[in-house]
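*Asks:*
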Amino acid sequence: MLLGFQSQFVFDSPPPVFMDDTNSLIEQRKAKLAALRAKGIDPFKNKFTPTETCRHAREQYTEGREVALAGRITAHRDMGKSMFLDIRDQSGRMQIYAQKNVLGDEQFAIFQHLDLADFIGVKGTMFTTKTNEISVKITSFVILAKALRPPPAKWHGLEDTEIRYRQRYLDLMASKAAAPGTSTTGFEKGSPGDVLLLRSEIIREIRNFMHARGFVEVETPMMQAIPGGAAAQPFVTKHNALGCNFYLRIALELYLKRLLVGGVDKVFEIGRVFRNEGLSRKHNPEFTMLEAYEAYGDYESMMELVQGLVCHVAQKVLGTLTIVHERRASVFSVISSREQTMREINQQLRSLPKFELLAEELGKITEQLSEICHSHNQQPAWEIAKASNTPWDAYVGKFCEGMKCKETRPDGIEEKFNKAHVVKAFEWIDLCQKKEINLTPPWRRVKYKDLVREWCSDKAEVDDWFALSPQERRNIAVGHLGLGGDIAKDFEDFEVTNAVFGKYIEPTLIQPTFVTHLPKELVPLAKLTNVKPGDSDYEDLKDTVEVFECCINGQEIAPAYTEQNDPIAQRERLEHQAGGEQQKLDEDFLVALEHGMPPAGGMGMGIDRLCMMLLGQESIRDVILFPQLKPK
RNA sequence: GCCUCGGUAGCUCAAUUGGCAGAGCAGUUGACUCUUAAUCAAUUGGUUUGGGGUUCAAGUCCCCACCGGGGCACCA
C-alpha cells in the first residue's frame, strides 16, 4: 500500500482531531466486540471468499444449491428461535434465514446479537419462503467486520446534506435499491449509488469514443510553474526540494498544444483542474475537464465531435437521446423531501377536510408562480417572488398558517410544517422545473448576434438590437430589462450585450445549441472569422471569432475554438492578458508555437456539468463524490 | 466577501409563539421457528452547534462565532 509513509509532513495548522463523540450506541457496540473477543472470536477476519454475489445467487437460483455469500447487514427480523436478516453487497440484497436448531444455541445467540452494518459471510442452501422470496438458509456464518457506529436510518435514509457530502460513504450506504428491472445500476434512479456508477460509465464511454476516433490519451502536469490556458485564479503549492512555488493547473490547454507542435495530431486528456474561486451549485474548486485537440480541424469539426460524443455517451449509458429531468414533484413532496411518505399523504389529502383548503391554496400558488416564471423568462420563482409586488411574506405566512394543521404520518409521527420547509420548498420548485432535453442530432447552430436579435425582438420588443446605438442598448438593458445590478458603469458595449446573453438567453438554451461567432473581445485566444468586405454577412461577422459555445440544460457544457497558431498574434494576446506581468507569460509555450503548430480545432468539456445534464442532478455536489467543503 | 434560511437523541422530525425537551425508527430487556418498514410489552438515550446577554424563567428573544443549504459577487 503506502510505502515511505514515514516522510515528514509539515502542516500550517495542526492535524485534525477526531471528535470523541462517544455515545451509548458506540459503547454498546464496543462492548459486543469485546465480548466476542472474550469468546475467542476474531470479528475482523482476513479472508472469506464468497462463491458469488447476491445478485448472481438470485439470478442462478435453484432450490437447495449451496452458496457462500458476504455482505453488510442491512436489516434483521428476529422471530425468537429463528431469524431473518438482510445482507447487501454491491450487486444487491439477499435474505438470510437462521434457525436455532441448525446453528446450535451458542452460535445462534451470537447471530442474534449481530448489529446493523456489520459484515458477515454465510454458507448455506438456497430456498424460497412462503411469501416467495429467494433466501439462504444458513448452516454457518463468520463475522467479517464489526461496525462500531450505527448506520443511517434504514427507512428515511440520510437527509442531512452536510453529512451526505462530508461522509459520502454513509450516503452510499443509505442509497436505496431499485425495484428489480427498473435500473441498470441496481440503485434507485438519482440515488448516490446510481449516480456514482453511471458517472463511471459516462467516463468510460467518453474514452471509448475518443479512442475509436483515433485520439491519443495523455497526462500532462497538474503542478505548473505558470498556470495558463484560462483566466482564473490558481491555487499555490510549494515544492520543498526545488524551493519554488507551483500552481495547480487551471486548464489543460497549453500542454496539449505543445503536443500538437510535437506531432501528436489527435490528442485528449481527462483530468482534474483547480480554480480558486467561489463555490456554488455549478462550481466546485476542483472539477474534471475533457480537452481535445485535432490538427487540421476547426471549430466546425469540433461541433461534430462534441455532438457525436454526447450522443454516443447518452445512447450507450442511458440508452436514449431524450433526457427527462423529472424531479419536479408536488409542493408537498418537495416540502417533505420524503417522496414515498408524501405520496401517500397526497392521496389522503383529498379525504381530509382540513387539508382540502390548504391543498387548493398550494395549487393556486404553484400555478401563479409558474405563470410568473413563464412571463419573466424563467427567472427563478424565488427571486421573482422576492422582487415582485407579490406580498412574499404573506405567501409564506399563509402557507405556515395552513401548515399549522398537524397530520399523522404512516409511521405514526405527528408532523407539522414550518417556515423553513416552505422556503426550502420554493427554492426546490426552482430546481425542479420539469425539463425534457432532446439530444437528437443535428443540434441547432445559431450565430451569437442572431440569437441576441431573436431574443430581443421577441422579449424586449427591439427590432434589431445591433441597429441601436451603444447608449440605447445600455439604456434598455439597465432600464427595461432590469440589469442595472449586472452592468457596471465602465462596461463596454459588448459587455452590455453579453450581460443580456448570460442573464436571460443562456438559461433558456435547454435544448442543445451551438452558439457561434462570438465577438472577438469575448474570446481573445481564437482565430478571427474568415470573411472579406463584400461578403453578404461581412458586417455581422467581421469582428467575430471562429468559436462556439455548446449550451445544454441552460448551461455552457463545452466551448471550442479554431485555435490560434500564429505565434506573434498569440504572444500579443497573452501579453495583453498578463497585463504587463512578464512572470505570468509561459515563454516555453510561445517558443513551442514558434516551432509551428498545425491549424487545429480544440474543445473543452466540463465533465461534471455533462453528468449533471445526463443524470438529472441539479447540484454539482451530487455528481462529485467528495465535494469541497470547509474543514470542520 | 455580501444577503437569506437553517443547526434539537445515533437517524427522521415535534415542542401550542418565553413556562417541566417529546415522538417514531435503532438500541437494550422480554415473547414469538416463513418474517420483510415484522409484530407485541417494557425501557435507556439530551451541555437543544459553541460563547455571551435580556428574563423569575430561553430550544424559543438579542449579540458574537462555527458549520451547512439557497441566492449574489468572483469565475466560463
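The numbering used here runs 306 ahead of the 1-based position in the first sequence. We treat Cβ as the ideally placed atom computed from N, Cα and C, and that holds for glycine.
Give me the residue from 746, 555 and 557 with the minimum Cα distance to residue 629.
*Replies:* Closest option to residue 629, Cα to Cα, is 746.
*Asks:* By how many angstroms is the C-alpha of residue 580 removed from the C-alpha of residue 686?
*Replies:* A caution first: residue 686 carries a pLDDT of 40, below 50, which makes its placement in the model unreliable, though a value can still be read off. If you take the alpha carbons of residue 686 and residue 580, they lie about 29 Å apart.
*Asks:* Between the alpha carbons of residue 855 and residue 865, how many angstroms are there, rounded?
*Replies:* Their Cα atoms are separated by approximately 4 Å.
*Asks:* DSSP three-state call for residue 387: helix, strand or coil?
*Replies:* Of the three classes helix, strand and coil, the one that applies to residue 387 here is coil, per DSSP.
*Asks:* Give every residue of the same chain whose Cβ lies closer than 8 Å to the Cβ of residue 951, excluding the five residues on either side of it in the sequence, and list them in chain order.
*Replies:* Only positions 307 to 938 of the chain appear in the structure, and residue 951 is not among them; the question remains open.
*Asks:* Closest by CA to residue 353, which one among 595, 425, 569 and 554?
*Replies:* Checked all of 595, 425, 569 and 554; the closest Cα to residue 353 is 425.
*Asks:* Enumerate in chain order the residues of its own chain whose CB-to-CB distance from residue 332 is below 7 Å, with the five nearest sequence positions on each side excluded.
*Replies:* Counting only Cβ-Cβ distances below 7 Å, and skipping sequence neighbours, we find 454 and 455.
*Asks:* Looking at residue 447 and residue 413, is the spacing between their C-beta atoms short of 9 Å?
*Replies:* Yes, the pair counts as a contact, with Cβ atoms nearer than the cut-off.
*Asks:* Residues in its own chain within less than 7 Å of residue 928 by CB, not counting five upstream and five downstream?
*Replies:* Closer than 7 Å at the Cβ level, and outside the excluded window around residue 928, lie 501.
*Asks:* Compare the Cα-Cα distances from residue 530 to each of 934, 894 and 626 and report the closest residue.
*Replies:* If we check each option's Cα against that of residue 530, 894 comes out closest.
*Asks:* Here's the rule: buried if 16 or more other CB atoms are within 10 angstroms of the residue's CB, otherwise exposed. What is residue 537?
*Replies:* Counting Cβ neighbours within 10 Å, residue 537 comes out exposed, since fewer than 16 surround it.
*Asks:* Classify residue 405 as helix, strand or coil using the three-state DSSP reduction.
*Replies:* Strand at residue 405.
*Asks:* Curious, which full-length beta strand (DSSP E) runs of at least 3 residues does the stretch 892-936 contain?
*Replies:* List check, beta strand (DSSP E) in window: 906-912.
*Asks:* Kindly list the residues whose CB is nearer than 6 Å to the CB of residue 382, restricted to its own chain and excluding five residues on each side of it in sequence; keep chain order.
*Replies:* 391.
*Asks:* Is residue 620 closer than 9 Å to residue 595 when the C-beta atoms are compared?
*Replies:* No, they are not a contact pair.
*Asks:* Could you pull out every unbroken alpha helix (DSSP H) segment of at least 4 residues lying fully inside the stretch 482-521, listed in chain order?
*Replies:* Runs of the alpha helix (DSSP H) inside the stretch 482-521: 498-518.
*Asks:* Residues in its own chain within less than 8 Å of residue 421 by CB, not counting five upstream and five downstream?
*Replies:* Correct list, in chain order: 335, 338, 379, 452, 453 and 456.
*Asks:* What residues are listed by DSSP as bridge partners for residue 430?
*Replies:* Its beta-bridge partners are 373 and 444.
*Asks:* Per DSSP, what are the beta-bridge partners of residue 865 in this structure?
*Replies:* DSSP lists 855 as partners of residue 865.
*Asks:* Determine the direct distance from the alpha carbon of residue 852 to that of residue 846, and round the result to whole angstroms.
*Replies:* If you take the alpha carbons of residue 846 and residue 852, they lie about 13 Å apart.
*Asks:* Near residue 710, which residues of its chain fall below 6 Å by C-beta distance, leaving aside the five closest residues on each side in sequence?
*Replies:* With a pLDDT of only 37 at residue 710, under the threshold of 50, the placement of this residue in the model should not be trusted; the figure read from the coordinates follows. Answer for residue 710: no residue qualifies.
*Asks:* Compute the Euclidean distance between the alpha carbons of residue 523 and residue 616, then round it to the nearest angstrom.
*Replies:* For residue 523 and residue 616, the distance between alpha carbons rounds to 18 Å.
*Asks:* Return helix, strand or coil for residue 599, following the three-state DSSP convention.
*Replies:* Reduced to three states, the DSSP call for residue 599 is strand.
*Asks:* Can you say whether residue 410 is buried or exposed, counting buried as having 16 or more other CB atoms within 10 angstroms of its CB?
*Replies:* When all chains shown are included, residue 410 counts as exposed.
*Asks:* Taking 8 Å as the cut-off, does the stretch 817-824 touch the stretch 751-758 (at least 3 CB pairs, one atom from each stretch)?
*Replies:* At 8 Å Cβ cutoff, the stretches touch.
*Asks:* Exposed or buried, what is residue 743 when buried is set at 16 or more other beta-carbons lying within 10 Å of its beta-carbon?
*Replies:* The residue is buried, with at least 16 neighbouring Cβ atoms inside 10 Å.
*Asks:* So what's residue 560 in DSSP terms, helix, strand or just coil?
*Replies:* Looking at residue 560 - three-state DSSP - the assignment turns out to be helix.
*Asks:* Measuring straight from C-alpha to C-alpha, what distance separates residue 470 and residue 578?
*Replies:* Rounded to the nearest angstrom, the two C-alpha atoms are 22 Å apart.
*Asks:* Can you tell me where the alpha helix (DSSP H) with residue 754 in it begins and where it stops?
*Replies:* Residues 754-765.
*Asks:* Can you find the residues in the same chain that come closer than 6 Å, C-beta to C-beta, to residue 631, ignoring five residues on each side of it along the sequence?
*Replies:* Within the same chain, residue 631 has close Cβ partners 741 and 922.
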